[in-house]
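Trainee:
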Amino acid sequence: MYPCVSFVLVYSIIHTVAHESNGSLLETLHSYFVTDYDPTIEDSYTKQCVIDDIPAKLDILDTAGQEEFSAMREQYMRSGEGFLLVFSITELSSFDEILKFHRQILRVKDREEFPMLMVGNKADLDYHRVVQVEEAQNRARRLKIPYIECSAKLRMNVDQAFHELVRIVRKFQLSERPPLELNYKKNKKKCCML
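Counting in my numbering, the sequence shown runs from 0 upward without gaps.
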């Protein structure tokens, strides 16, 4: 059985860009790009893969970023082990929403840091870019989370985004484990039987 990692994808999407940004998830899981994606309250997917020679089973919940279902978002955040904060590089408003989602995740988790990756989607639309790479990198640095850009349409860095988040989650989980307690007694005699 593969170790399971649960992810919640938090899409920072405003109105009409929803279907375009969600394509990155669908492409990764189904190996095709969806141009007419109809966002729902949530979709869940499972994908088995090998990351850094270690098998993993990804349980992915796509919340579709719909504001009318924001009350449910906190419920999803409680169960998520890692979060992709996805925004469109062509929409400044979606980029600004990342701050809100980041704060909300930390509040719900009652933590100062938690496994997250900020993802600028639609890198293939550089000629429509309104969020510059340096601006996104600076924000990610302030939030203390990594940043990557991807294009679902060109299948650029899509798998890498998921794989990087798995690495971040694994590192976080290792740091959260209590240290092994070694119960050595000073005067305990050692014995070796052959």
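No residue lacks a Cβ here, since even glycine has one placed at the ideal position from N, Cα and C.
Since this is a predicted model, take the numbers as computed values, not measurements.
Quick check: is any heavy atom of the ligand NAP less than 7 Å from the C-beta of E96?
Mentor: The ligand NAP is not among the ligands present in this structure, which contains no ligands whatsoever.
Trainee: Are at least three pairs of beta-carbons, each pair with one atom in the segment 96–110 and one in the segment 50–57, less than 8 Å apart?
Mentor: no
Trainee: Rank S150, R128 and L142 by C-alpha distance to the C-alpha of E111 and give the top, closest one.
Mentor: As a working note, residue 111 is residue 112 in the sequence shown. The residue with the shortest Cα to Cα distance from E111 is L142.
Trainee: Can you tell me which of R176, F161, N156 and L173 puts its alpha carbon nearest to the alpha carbon of I59?
Mentor: The count along the sequence shown starts at 1 and reaches residue 59 at position 60. For I59, the nearest C-alpha among the options comes from F161.
Trainee: For D158 and L173, what's the separation of their Cα atoms in angstroms?
Mentor: What you label residue 158 is simply residue 159 of the sequence shown in a count that begins at 1. What you label residue 173 is simply residue 174 of the sequence shown in a count that begins at 1. Cα to Cα, D158 sits roughly 23 Å from L173.
Trainee: Which first and last residues belong to the alpha helix (DSSP H) in which I97 is found?
Mentor: Mapped onto the sequence shown, residue 97 falls at position 98. That run of the alpha helix (DSSP H) goes L91 to K108.
Trainee: To which residues does DSSP link A151 through a beta bridge?
Mentor: Looking up residue 151 in the sequence shown gives position 152. For A151, which the question treats as bridged, DSSP gives no partner whatsoever.
Trainee: Using the C-alpha atoms, what's the distance from F113 back to I147?
Mentor: Locating residue 147 in the sequence shown gives position 148, where the first residue counts as 1. Locating residue 113 in the sequence shown gives position 114, where the first residue counts as 1. Distance between the alpha carbons of I147 and F113 is about 17 Å.
Trainee: My assumption, with CB atoms under 8 Å, is that N137 sits in contact with S87. Please give the rounded CB distance.
Mentor: On the sequence shown, residue 137 is found 138 positions in, with the first residue counted as 1. On the sequence shown, residue 87 is found 88 positions in, with the first residue counted as 1. That pair is no contact at about 18 Å.
Trainee: Rounded to whole angstroms, what's the CA-CA distance from P177 to V129? Just pull it up for me.
Mentor: Mapped onto the sequence shown, residue 177 falls at position 178. Mapped onto the sequence shown, residue 129 falls at position 130. Going by C-alpha positions, P177 is about 44 Å away from V129.
Trainee: Going by beta-carbon coordinates alone, are L105 and E163 separated by less than 8 Å?
Mentor: Here residue 105 refers to the residue found at position 106 of the sequence shown. Here residue 163 refers to the residue found at position 164 of the sequence shown. It is not a contact, given that the beta carbons lie outside the stated cut-off.
Trainee: Could you pull out every residue in the same chain whose Cβ sits closer than 7 Å to the Cβ of S30, ignoring the five residues on either side in sequence?
Mentor: Counted from its first residue, the sequence shown places residue 30 at position 31. Only weak support exists for where S30 lies, its pLDDT of 49 falling under 50; the coordinates are left without a value.
Trainee: In whole angstroms, what is the alpha-carbon distance linking S92 and L83?
Mentor: On the sequence shown, residue 92 is found 93 positions in, with the first residue counted as 1. On the sequence shown, residue 83 is found 84 positions in, with the first residue counted as 1. C-alpha separation (whole angstroms): 17 Å.
Trainee: CB K108 to CB M76, shorter than 8 Å?
Mentor: Residue mapping note: residue 108 aligns to position 109 of the sequence shown, counting from 1. Residue mapping note: residue 76 aligns to position 77 of the sequence shown, counting from 1. Yes.
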